[in-house]
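Here the structure comes first, spelled out in structure tokens, and everything after it is commentary.
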Ligand SMILES: Cc1cc2nc3c(=O)[nH]c(=O)nc-3n(C[C@H](O)[C@H](O)[C@H](O)COP(=O)(O)OP(=O)(O)OC[C@H]3O[C@@H](n4cnc5c(N)ncnc54)[C@H](O)[C@@H]3O)c2cc1C
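Chains as they are written, first to last, in our numbering: chain A, 726 to 1722; chain B, 52 to 465.
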């Protein structure tokens, strides 16, 4: 059983014991522990269950590469599933639970062993569950889904907040080990702005654990002095608990910092996303140790040799009284020596190499440890934890030569540089056969905008494993990065060349043993699965990965990828480099989604665009609807009123008295300059250059394809200035459209555009009493015959400078009053007061829709959908025949757009005067080539008309305008079609007398 | 072909699975074929399969420059639906969907088609009107959809925040027989089925040139030597413009990055696929338990398969607002694909300006769902010169202005 030594532990504070619970059991650890260290220290060897076979799983690693120790931590609004215990700092009262087991961790009914597991190799689900057909959805899939997944789904809204911060630095150093800190020191001394991010809570990386001197000093001493020097530099910023997760074009780097996870509930955001623009990145992210594949290597108690050392030195935690070390390289000897030095027993070192003969091997032998050269493991005894190992010759088929009792196995299959961030943005890796590792290929770095390398790797991340090399390369990389160079001369440190490329032991293992040797512990991918993939023709690494799910677990293959690749290359009888690697993509470690979203939640999700009158609408309890980023009143229901009743009341008020509408959201784009008239003539289908000052003209805009995209009233303000109104939703799009043409095609035209939408508050005053109300307000504007329909004027109204347009979208006498936004509320209040006597009524967007539909006016987005031309809408009169060109002219001439049988605008009146269904189609005889019911038109707008006291509708109908009075059938879902008569689009005041009155 | 079944699995398990054969043959390319398909994505493989199965053509090869399914077929978020607005779209997507229903049985390969239901949220009045229209259209097209209210939305997907302050859910267009399938399995199963019918699947074979004589295609140049062919089908998605260039013409296609991501796996919490077009995001939960997330395409032309962070950030904001429980989950994988976009967001299944050459591309952000129907139609077009399912998707539509505009119906068309 694992446990804690009575003394030691460089990171823990024994004076501060912390209580926590695991599956409800109360346990104790120390400040400075990770949850993983505390669990091991408390003797908890079994921490989870694997994904597929639900096999027992223990802690394997020390860092973010941990595949097994995924726990649910916290509760309610602070519950987090799949938290990696190796990266959770222990806090007092922490609650942790195991996952993916039922009913309990020790007795999981989902466990598949022996034959059951044997029937379910890689990709088994592709070969079965095929018959009977409905069973997949109703039986197999639900069962599989329940068995799969890891942690519980959170059920609560997140109690924490997140933030994003931008940083601009000359040099970003990723990794706070010897290479990283040396780089920071060198770059800092050269005067660069430096930022160092370290994913763990501690600086120094591996060196203090391994103990070899750095720069002639004890590693902890070097670390203390270096940190002190760095902290003194104002141009250097050190950020622990912060993982760089992605490198993007132009030196953009994302890093995720854990702010309060070690102190849950502390004030402030929980995590922070750093958006860093780095001149150069020094990649000093170290290397990750690889497991070895041998039968039974997935039992709890089998750990990475380096992790055993980390727990021992940093936390005084040991994996068991007796630990067998199994390795193919020298490095694991450090672990054996450390264990013995701590008074623990190492019954044997099983070394896959024929003749391990280095200083470390000598030291081990001198310490009395038995070294079995050329040996490996053929099996591990124990059910839920290691009880012993079966020793075999590495070369053979796995005949057991000896059994050694032990509680733990420390394995080392060599090291893999953490090249992920190097690769994210195009950096390639090269196989270093001497060290059996992929290293950054200096010939193919990720390149920045200037063509130089954005990233400089150093130390273990560059495949140079000794502290001396890390120091030298780090220093060189820091200097280079700070002085505008993009590469260093790598050191030729030989550390790691002692490795024998043994990936699977025993090497002659038959299928039975290969089916017990795990590569991916979380996803239960075994050597036999990779063999199977190769046998079935999934020969590309990407195919193997997808077919077996190797490397697709939450550790993203940090432990399994290279071993799997090596096994695949053996199965295919190819070299490792010929098989290649899979692509590394962000994130390097999983990142909380809340962190990526940052502050933008709830009220801050998207900005609300507010008209000056928004507060008033809200106070009046208007029913609001989102329109783009705006919120607009849909209607203003009086207490007890339904929306339908409110809308009818508002419509009637406009028809009979006067209504006011907050029209401030309408787009208002000022177009000015010597060529403005010419520009607008190109933009609109009609002529705008000929519009006299003081006049308004309704304009249509088409896409190049000839389809209507926006409409609005254009007012000519002066000789060289026009104010173009757009739809509410269209303002930004149309402004961009204008600029697009100006900047890319007509860049030499003297035209300026300015989006003034938010500069003006605008109120539509509509109804037979509109003029009366406006005249009640003091002012100098003559609203009588001097201001006919489609004219505008300006002056003062109720003491406010105002521009008044005489335009109407309701068919009644109408004015739109524009005032500076800051005076919008004053105007609104003044109008309400002035109209009190005549029952002035605020109306919303729905009444606006009904009013215009009664008049047969089109609405962009209802009558149009990007496929409708002005001609379709009976607006051919708005298309200039004189202009040589305008946007959409050529498009409209294409055969389909000019075809005589297009669907064109009409009104429809249901035979029973009911409201036709929204979105309904007008049926035609027969069927399409593909057997669908044929149609000849569609309803584009349909409302109850309070004015006409019946349903009204607008529709697009084949040959529509030629078919007045005919009957057609309109579709209904799940019911017989409704008969309707084709009528004119305008059903109210067709000659426009009211509007002109 | 070795049949797959649970009995076969048990039998093979006895022999430690040593007896499984290759899923598809891997022959050397022959000197000539009746038909060559360029592109081993889902669409290319399905085309080859139906050429062999429906039209009896056996001398067919699929040439793939990398590994089959490695393009967008293996990178997409696997939403399958057919609730499209325009008649030609609904016809081909519904054909595809109905083929998906029995694909596992037809191909003896579990592609895990899971008709769990797809809902498209309406979060503005405008969207309500739009989806009501689509529901009407679908009813006439024979596509089973329904406009449902917020209470039903919540019942079908309890983790949705329907009363969000900003964009409350006003309803949804619900297609109960839409769903998802396993993308790799779709590519592999078609490859296996086609190979069994005699089609040569040739990987690591990039087409580098197209031979044209007298206005007629006669063969292709490849990294594995020249190959002659009677008919040539080009089915290479984002690289269509490059292949068209080899034959001397241009295509109205733009290539941009589309990104997707998955969270770490969690226990089942969402049984349906949800798309929220107003806020630009969509999500489903895979059988592994990962929340599969996507949004709109990046707004610039690109071949890097990387995409920009700001797009993903927006998608995540939208989804956390819609599904607040997501906030504490972690992003596990994140990737991009290059999508081939036409101006009307509809595909091209067409004869090319060069005789004997056919094109299938332009599926953009939403072609996974179409794979069976597209292969069916393309094979028919190549074999017979006409296919009703493809007739609206000819290249001439751009000249005539006869667009099949689906951007009308949805901002995000997956
Ligand atoms: C992130 C993302 C999410 C998506 N989500 C969905 C979704 O939810 N639902 C949906 O329906 N669709 C979705 N799609 C779209 C869908 O993936 C594609 O439309 C579809 O897969 C295209 O298939 P394909 O066979 O045409 O292309 P691909 O799968 O890309 O295949 C084209 C093949 O051609 C090969 N090729 C290219 N050039 C050559 C050459 N010169 N010689 C030989 N071979 C060549 C390529 O290597 C590639 O394998 C998504 C796409 C992406 C990127």
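Think of the CB as a built atom: it goes at the ideal place given N, C-alpha and C, for glycine as much as any other residue.
{"Asked": "CA nearest to the CA of residue 360 (chain B), picked from A:1545, A:1251, A:974, A:1351", "Found": "A:974"}
{"Asked": "Short CB-CB distance (under 8 Å) between residue 106 (chain B) and chain A", "Found": "no"}
{"Asked": "Chain-ordered chain A contacts of residue 175 (chain B) [CB-CB under 8 Å]", "Found": "1350, 1351, 1352"}
{"Asked": "Ligand 1 heavy atom lying under 7 Å from the CB of residue 90 (chain B)", "Found": "yes"}
{"Asked": "Cut-off 6 Å between Cβ atoms - residues of its own chain near residue 445 (chain B), not counting five sequence neighbours on either side", "Found": "401"}
{"Asked": "Proximity test, residue 948 (chain A) beta-carbon vs ligand 1 heavy atom, cut-off 7 Å", "Found": "no"}
{"Asked": "Exposed unless 16 or more other CB atoms sit within 10 angstroms - verdict on residue 1764 (chain A)", "Found": "Residue numbering for chain A in the displayed model covers 726 to 1722; residue 1764 (chain A) lies beyond these limits and cannot be assessed."}
{"Asked": "Continuous alpha helix (DSSP H) stretch holding residue 1669 (chain A): start and end", "Found": "Element bounds for residue 1669 (chain A): not the alpha helix (DSSP H) but the beta strand (DSSP E), 1658-1670."}
{"Asked": "Among B:169, B:378, B:412, B:357, the one whose alpha carbon lies nearest that of residue 301 (chain B)", "Found": "B:412"}
{"Asked": "Under 8 Å by beta carbon: chain A residues contacting residue 411 (chain B)", "Found": "Under the 8 Å cutoff, chain A gives no residues; its nearest Cβ is about 18 Å from residue 411 (chain B)."}
{"Asked": "Contact set between residue 1698 (chain A) and chain B, taken where Cβ atoms lie within less than 7 Å", "Found": "186, 187, 190"}
{"Asked": "Beta-bridge partners of residue 1485 (chain A), as assigned by DSSP", "Found": "A:1545"}
{"Asked": "One or two residues paired with residue 435 (chain B) in a DSSP bridge", "Found": "Its beta-bridge partners do not exist; DSSP assigns none."}
{"Asked": "Limits of the unbroken beta strand (DSSP E) element including residue 744 (chain A)", "Found": "738-747"}
{"Asked": "Residue 414 (chain B): CB within 7 Å of a non-hydrogen atom of ligand 1", "Found": "yes"}
{"Asked": "Whole-Å CB distance - residue 1647 (chain A) paired with residue 1682 (chain A), under 8 Å assumed", "Found": "6 Å"}
{"Asked": "Coil, strand or helix - residue 1480 (chain A) by DSSP", "Found": "strand"}
{"Asked": "Neighbour list for residue 1260 (chain A) in chain B, Cβ cutoff strictly below 7 Å", "Found": "71"}
{"Asked": "Which of helix, strand or coil DSSP assigns to residue 1020 (chain A)", "Found": "strand"}
{"Asked": "Within-8 Å CB hit, residue 398 (chain B) to chain A", "Found": "no"}
{"Asked": "Contact list for the segment 372-383 of chain B against chain A, Cβ threshold 7 Å", "Found": "372, 375, 376, 377, 378, 379, 380, 381, 382, 383"}
{"Asked": "Beta-bridge pairing of residue 797 (chain A) - partner residues as DSSP gives them", "Found": "A:822"}
{"Asked": "For residue 1633 (chain A) and residue 1684 (chain A), the rounded distance between their alpha carbons", "Found": "14 Å"}
{"Asked": "Interface residues of chain B facing residue 1279 (chain A) [CB-CB closer than 9 Å]", "Found": "315, 316, 381, 383"}
{"Asked": "Closer than 7 Å: residue 272 (chain B) CB and nearest ligand 1 heavy atom", "Found": "no"}
{"Asked": "Cross-strand partners of residue 1592 (chain A) (DSSP beta bridge)", "Found": "None, per the DSSP bridge assignment."}
{"Asked": "Residue 276 (chain B) Cβ short of 7 Å to ligand 1 heavy atom set", "Found": "no"}
{"Asked": "Integer-rounded CB distance, given that residue 372 (chain B) should sit under 8 Å from residue 330 (chain B)", "Found": "7 Å"}
{"Asked": "Alpha-carbon to alpha-carbon, residue 1269 (chain A) and residue 429 (chain B)", "Found": "30 Å"}
{"Asked": "Which residues DSSP lists as bridging residue 1387 (chain A), in chain order", "Found": "A:1488"}
{"Asked": "Nearest-angstrom Cβ-Cβ length linking residue 1240 (chain A) and residue 774 (chain A), presumed shorter than 8 Å", "Found": "Rounded, the Cβ-Cβ distance is 19 Å, inconsistent with contact."}
{"Asked": "Beta-bridge partners of residue 333 (chain B), as assigned by DSSP", "Found": "B:326, B:345"}
{"Asked": "Rounded distance between the beta-carbons of residue 151 (chain B) and residue 131 (chain B), thought under 8 Å", "Found": "6 Å"}
{"Asked": "Span of the beta strand (DSSP E) around residue 1028 (chain A)", "Found": "1027-1029"}
{"Asked": "Cα-Cα separation, residue 464 (chain B) to residue 328 (chain B)", "Found": "At residue 464 (chain B), the pLDDT of 46 sits below 50, so the modelled position is not reliable; the number obtained from the coordinates is stated separately. Taking the straight line from one Cα to the other gives about 9 Å."}
{"Asked": "Segment contact flag, the segment 1502-1518 of chain A with the segment 1455-1463 of chain A, C-beta cutoff 8 Å, min 3 pairs", "Found": "no"}
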